[in-house]
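In my numbering, the protein residues as written are 83 to 207.
Backbone N, C-alpha and C fix where the C-beta goes; we use that ideal spot for every residue, glycine too.
Working notes, structure below.
What follows is the structure, encoded as structure tokens:
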């Protein structure tokens, strides 16, 4: 029954517009099974060309390589890739970011508030 409830959990907990940016809250386990839903939500927000896109990972319990690939794809869709920010990764998510090396390429903040407050360089690397 636990697996069934996990499969029914929607990975996007909400989208909120704040301080010129968009915060998208991801929840639960992000993996091969729900990566298309996460991808669609992130790309929809990217299409709005937000000043900054903050991905709130505070409620994510697990992330696999497919989901990490979705984060990378979303970042490449933004005109200014520096405006793609991750926030509040839990221990397991932080571990996945570190093992994959993505913590060296993606901006990771302790909180959503610090991500929203950070200065964004206008570098479209």
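May I have the straight-line CA-CA distance separating residue 197 from residue 96, to the nearest angstrom?
Cα to Cα, the separation comes out at about 17 angstroms.
In this structure, does DSSP put residue 165 in helix, strand or coil?
If DSSP states are grouped into helix, strand and coil, residue 165 belongs with the helices.
Using DSSP bridges, identify the partner residues of residue 108.
According to DSSP, residue 108 bridges with 94.
Burial state of residue 93, where buried means 16 or more other Cβ atoms lie within 10 Å:
When all chains shown are included, residue 93 counts as buried.
Compare the Cα-Cα distances from residue 111 to each of 139, 160, 167 and report the closest residue.
Out of 139, 160, 167, 139 has the C-alpha closest to the C-alpha of residue 111.
Could you round the C-beta distance between residue 194 and residue 105 to whole angstroms and report it? I think they count as a contact, below 8 angstroms.
Right, their Cβ atoms sit about 6 angstroms apart.
How should residue 183 be labelled, buried or exposed, when 16 other C-beta atoms within 10 angstroms of its C-beta is the threshold for buried?
Here residue 183 is exposed. Its C-beta has fewer than 16 other C-beta atoms within 10 Å.
Is DSSP giving residue 201 helix, strand or coil here?
Note: residue 201 maps to coil in three-state DSSP.
I need the straight-line Cα distance from residue 199 to residue 130, nearest angstrom please.
In this structure, the CA atom of residue 199 is about 20 angstroms from the CA atom of residue 130.
For the candidate residues 91, 134, 113, whose alpha-carbon lies nearest to that of residue 169?
Comparing Cα positions, the closest option is 134.
Counterpart residues of residue 223 in DSSP-defined beta bridges
Since the first residue of the chain shown is 83 and the last is 207, residue 223 is not available in this structure.
Candidates 109, 102, 166, 99, of which the one nearest residue 91 by Cα
Comparing Cα positions, the closest option is 109.
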